[in-house]
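Q: Sequential numbering from 2 applies to the sequence shown in the numbering used here.
Glycine is no exception: its CB is placed at the ideal position from the N, C-alpha and C atoms.
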Amino acid sequence: MTAHVPGGAPVIGLDLGGTKIAAALVAADGTVLARHSLPTPATAGAEAVLDALAREVRAVWTPAAAAVGVAAAGVIDPVGGTVTSATDTIRGWAGTALATGLAARTGLPVACDNDVRAAAATELSGPHADGNETGTTLIYAAVGTGVGGAVAVDGRMLHGAAGIAGHLGHLPSPEAEGLPCTCGAIGHLEAIAAGPGITAHYTRTSGLPADRLETVAARAAEGEPHATAAIVLGARAVGRALGGLANALGAHRVVVGGGVPRIGARYLDALNTAFAAELMPPLRKLRPVPPRGGTDAAVLGAAALTRTLPLHHPHTTGAPR
Ligand SMILES: [Zn+2]
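1. Of the residues 229, 198, 11 and 77, which one's Cα is nearest the Cα of residue 61?
2. Exposed or buried, which one is residue 184 when buried takes at least 16 other CB atoms within 10 Å?
3. Am I right that residue 177 and residue 188 are in contact with their C-beta atoms under 8 Å? What's the rounded C-beta distance?
4. Counting only the same chain and skipping the five closest in sequence on each side, list residues whose C-beta sits under 6 Å from that of residue 87.
5. Could you tell me whether any non-hydrogen atom of ligand 1 is closer than 8 Å to the CB of residue 192?
6. Just list the beta strand (DSSP E) runs in the region 115-199, keeping only unbroken ones of 3 residues or longer that don't cross its boundaries, in chain order.
7. What residues come near ligand 1, if near means a beta carbon less than 5 Å from any of its heavy atoms?
8. For residue 222, which residues in the same chain have their Cβ closer than 8 Å to its Cβ, ignoring the five residues on either side in sequence?
9. Compute the Euclidean distance between the alpha carbons of residue 306 and residue 48, then round it to the nearest angstrom.
10. What are the boundary residues of the beta strand (DSSP E) that includes residue 10?
11. So, helix, strand or coil for residue 277, using DSSP?
12. Tell me the rounded alpha-carbon separation between residue 143 and residue 109.
13. Spatial neighbours of residue 213 within its chain, please: C-beta separation below 8 Å, excluding the five flanking residues on both sides.
14. Would you tell me roughly how many angstroms separate the C-alpha atoms of residue 41 and residue 211, rounded to the nearest one?
15. Excluding sequence positions up to five away, which residues of its chain have a Cβ less than 6 Å from the Cβ of residue 240?
16. Got a sec? Which residues, its chain only, sit under 7 Å from residue 166 by beta carbon, not counting five neighbours each side?
17. Using beta-carbon positions only, say whether residue 73 and residue 84 come within less than 9 Å of one another.
18. Let me check understanding here. Comparing Cα to Cα, which of 121, 248, 56 and 255 lies closest to residue 294?
19. Using CA atoms only, rank isn't needed, just tell me which of 299, 314, 192 and 70 is closest to residue 21.
20. Hey, would you say residue 172 sits closer than 9 Å to residue 254, going by beta carbons?
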C-alpha cells in the first residue's frame, strides 16, 4: 500500500448507496470531467456489487486515471480495505474485501471509506474553512434512518479503533433513557433521534400508528401535539449531544446533514436552541450548518479519499478489464 497519487492526475470517485452507484472522473482541481450512474444490484450479493462498481469505473475511465476512491455504506476499514460491518441493505456486504476486489477488477489502486466520512472530508477545505493554522476541527452529523457522523481534529479525519470513530448515534442521551439501541445498548442517541426513533416515540406517546417520519412531520404541521413533541425531542437530543461534543473537542465547524433535518424549520430551531444552550463561552457564536452539499459532493468526497488514505494496489495495472 502507498498513499500517493501522481500530482495532477485525474481520479475516479464512486459513491455506493443502497439504491444507486454514482461515478465521476475528477480532475486534480476538483472539476468533474465525466459522470455516470447505475442502480445498485443490492439483492444480488457482494460480488455483483463489486462487478457493478467496476462497470462504473469503466464508464468514466480515461488512460490518465490514477486511482479509484470508493465511499460506501457500512463500517469501512480504510487500512484493511474491507467492510467491517453493514446492515442488510446490500446482501452479504459485511466482510467484503472492497478495495482489493475492485483493484483486481479494474487494474487501478483503490482507497475506500464510509460515505459519511467521505462527505465530511469535503467540509475540511475550500472557502469555508476558517484559516486557522492547524486545520479545522469538524463535527459532522448525519441524521437519517440512523445517526452517523464523522469527526476531524485539526484537519485530520479520525478513524479510530476498528474504524468506528464518528458513530455519534451511540452517545448516551438523557432523552433516550431506557430505550434499546440498534447496537444492543440502552439509551443511545440514535434510539430517540433517528427517523425511526422519532416515529416510534410518536407512536408510544400518541397511541397512533405511524409508518414513517414523513407521516409524523405531516401531523406536526397540522398541529398534532404528540407529533410536534416527538420531533422536538429528537432534535433537542441531537443538539445537546453535538453541543457537548463541540465543547469536548473545541469544534470550529458543526455540520448537520441527513434526511431528518429536512423535515422543516421546527426541527432545526429546536436543534439549534438545544445546541446553543450547551456551549461554553468561547464557543458561543458557533451554530450548526447544513452540508455544503451540491449534487457532486458524494463523488468528490470519494475521489478525495485517494489523496488521504492508503491505496490498495492490483497485482497488474493497465486499462480496466
Ligand atoms: Zn447504540
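A: Let me lay it out:
1. As a position in the sequence shown, residue 61 is number 60, starting the count at 1. For residue 61, the nearest C-alpha among the options comes from 11.
2. Taking the sequence shown and counting its residues from 1, one reaches residue 184 at position 183. That one is exposed.
3. What you label residue 177 is simply residue 176 of the sequence shown in a count that begins at 1. What you label residue 188 is simply residue 187 of the sequence shown in a count that begins at 1. At roughly 5 Å, the Cβ-Cβ gap stays under 8 Å, so residue 177 and residue 188 are in contact.
4. The residue you call residue 87 lines up with position 86 of the sequence shown. The answer, listed in chain order, is 75, 94 and 95.
5. The residue given as residue 192 occupies position 191 in the sequence shown. Flag set: Cβ of residue 192 near ligand 1.
6. Whole beta strand (DSSP E) segments, 3+ residues: 139-144 and 148-154.
7. 171, 182, 184, 186 and 189
8. Start at 1 with the first residue of the sequence shown, and residue 222 comes out as number 221. For residue 222, where only same-chain residues beyond five positions count, the Cβ hits under 8 Å are 265.
9. Numbered from 1 along the sequence shown, position 305 holds the residue referred to as residue 306. Numbered from 1 along the sequence shown, position 47 holds the residue referred to as residue 48. Each residue's Cα considered, the two are about 22 Å apart.
10. Indexing the sequence shown from 1 puts residue 10 at position 9. Per DSSP, residue 10 belongs to no beta strand (DSSP E) and is neither H nor E.
11. As a position in the sequence shown, residue 277 is number 276, starting the count at 1. In this structure, residue 277 counts as helix in the three-state DSSP scheme.
12. Position 142 of the sequence shown, counting from 1, holds the residue named residue 143. Position 108 of the sequence shown, counting from 1, holds the residue named residue 109. If I take the Cα positions, the gap works out to 31 Å.
13. Counted from its first residue, the sequence shown places residue 213 at position 212. Once the five neighbours on either side are set aside, the close Cβ partners of residue 213 are 196 and 200.
14. Counting from one through the sequence shown, the residue named residue 41 turns up at place 40. Counting from one through the sequence shown, the residue named residue 211 turns up at place 210. Spanning the alpha carbons of residue 41 and residue 211 requires a straight line of approximately 29 Å.
15. Locating residue 240 in the sequence shown gives position 239, counting from the first residue. Cβ neighbours of residue 240 beyond the five flanking positions: 272, 275 and 276.
16. The residue you call residue 166 lines up with position 165 of the sequence shown. Only 152, 159 and 160 meet the Cβ criterion.
17. To locate residue 73, count along the sequence shown from 1; it is residue 72. To locate residue 84, count along the sequence shown from 1; it is residue 83. For residue 73 and residue 84, yes; Cβs fall inside 9 Å.
18. Taking the first residue of the sequence shown as 1, we reach residue 294 at position 293. Of the candidates 121, 248, 56 and 255, the one whose C-alpha sits nearest the C-alpha of residue 294 is 121.
19. Here residue 21 refers to the residue found at position 20 of the sequence shown. Nearest option by C-alpha distance: 299.
20. Within the sequence shown, residue 172 is the residue found at index 171, counting from 1. Within the sequence shown, residue 254 is the residue found at index 253, counting from 1. Contact flag unset, no.
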